[in-house]
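Read through the structure below, which is laid out as structure tokens, and then see the notes.
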Amino acid sequence: MLNSRTLTLFFMALALAVVAVLIAQRWVESLGSDDTQQVQYSKVIVASMDIPQWKQVGETDVTEKNWPKDTVTKDMFTEKSQVIGKVAINNVFTDEPMNTRRVVDPKGGNIFSLGFPENKRAFTVRVNDVSGVGGFLLPDNHVDVLAAKKLPGASQEVRTETIVQDVKVLAVDQESAAGDKNKPIVVRSVTLEMTPQQAEAVFKGQEQGSIQLALRNPTDRAVLDQAETIAYVATPPLPRAHKPQGKTFTVIRGMTQSKIECKGYVCSEQHL
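Residue 477 is where the sequence shown starts when you use our numbering, and the numbers rise one by one after that.
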């Protein structure tokens, strides 16, 4: 049987163990509370899905999310009602905060003009299935613009020149290809992003002759020295006037015989 000294030591050790556990628990809780106090959050509106450019934001496109308070900027939206109905002027990705640089109010004017820089213009050119690169043009592609015009005179010379290089396609006026995205589409007009000087050059090219778009490789952004080319269109030779060959006929009238000789369109008769 344990004596009183042993029991006293046992209870003292047990008490010290309980105290140690309590102290450790308090310490762990204090660490958690310190972390909570260090990071503070604010509610912001983020995209709940990818929102493409020029899409009007709907209620299901955005959601609320806690965001670190020290990273919240003044242009971020904090209420869904501030975003719904606005139009995205850039592509917005999932969980990206919505702000005034991503969406605009469509009632404020032509939102399409907000999509390109201040020193650029949107210039539309009419094209067909050939000059429109066979229907393979899409927005954000880059193209060159070639102009061709006939020179005066009978030589039928055609002067071609690359008048604009590496311009961005802003929009494509098109007809649907029966829902098949892998098929080319019929293009009637193409809107290009260019400087005022480039727009003047393209308009002049349209008025003086015809223009053609050349689709560029997405990785090719080089601008080469522009040089004109004169193409010689072969003029078919005029057909030669047919010159009938000479022929001779013998005519017998009763007892009389004569010889008729024709050279070209002139005939002469000789009595035999």
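All residues carry an ideal CB built from backbone N, CA and C; glycine is no exception.
Computed from a predicted model, the values in this text were never measured in an experiment.
Does DSSP classify residue i as helix, strand or coil?
i, result
"D616", "coil"
"Q733", "strand"
"R502", "helix"
"Q688", "strand"
"K562", "coil"
"Q673", "helix"
"M525", "coil"
"M574", "coil"
"V515", "coil"
"T636", "strand"
"P628", "coil"
"A491", "helix"
"E683", "helix"
"R597", "strand"
"A623", "strand"
"A544", "First, the amino acid is wrong: residue 544 is Pro here, not Ala. Of the three classes helix, strand and coil, the one that applies to P544 here is strand, per DSSP."
"K644", "strand"
"E555", "coil"
"D537", "helix"
"T484", "helix"
"K723", "strand"
"K583", "helix"
"V699", "coil"
"V678", "helix"
"A707", "Its pLDDT being 49, under 50, A707 is placed unreliably by the model, and the measurement read from it follows with that caveat. Reduced to three states, the DSSP call for A707 is strand."
Confirm, please, whether the CB-CB distance from residue j to residue i is below 8 Å.
i, j, result
"V666", "V645", "yes"
"I687", "A623", "yes"
"E572", "A523", "yes"
"V603", "V640", "no"
"R664", "V619", "no"
"P475", "V648", "In this structure the chain extends from 477 to 748, so residue 475 is not present and cannot be described."
"A538", "V563", "A small fix is needed here, since residue 538 is Val in this sequence, not Ala. No."
"K625", "Q684", "yes"
What's the C-alpha gap between residue i and residue j?
i, j, result
"K545", "P582", "30 Å"
"E633", "P694", "33 Å"
"M574", "T547", "13 Å"
"K739", "G629", "39 Å"
"K723", "E737", "6 Å"
"R697", "D642", "6 Å"
"V568", "E540", "15 Å"
"E669", "T638", "16 Å"
"F486", "E505", "29 Å"
"A534", "V520", "As written in the sequence, residue 534 is Gly, which differs from the Ala given in the question. If I take the Cα positions, the gap works out to 16 Å."
"A491", "V497", "10 Å"
"D701", "E594", "26 Å"
"C743", "I728", "17 Å"
"F612", "T570", "29 Å"
"Q682", "T576", "39 Å"
"T484", "V495", "17 Å"
"T549", "N617", "34 Å"
"T732", "H747", "8 Å"
"A690", "L627", "23 Å"
"T536", "S518", "21 Å"
"Q516", "V699", "51 Å"
"K531", "I560", "11 Å"
"M488", "T482", "10 Å"
"K680", "T636", "13 Å"
*Is the stretch 592-600 touching the stretch 549-561 in the sense that three or more CB pairs, one from each, lie closer than 8 Å?*
no
*Is there contact between the stretch 523-532 and the stretch 484-504, where contact requires at least three CB pairs shorter than 8 Å?*
no
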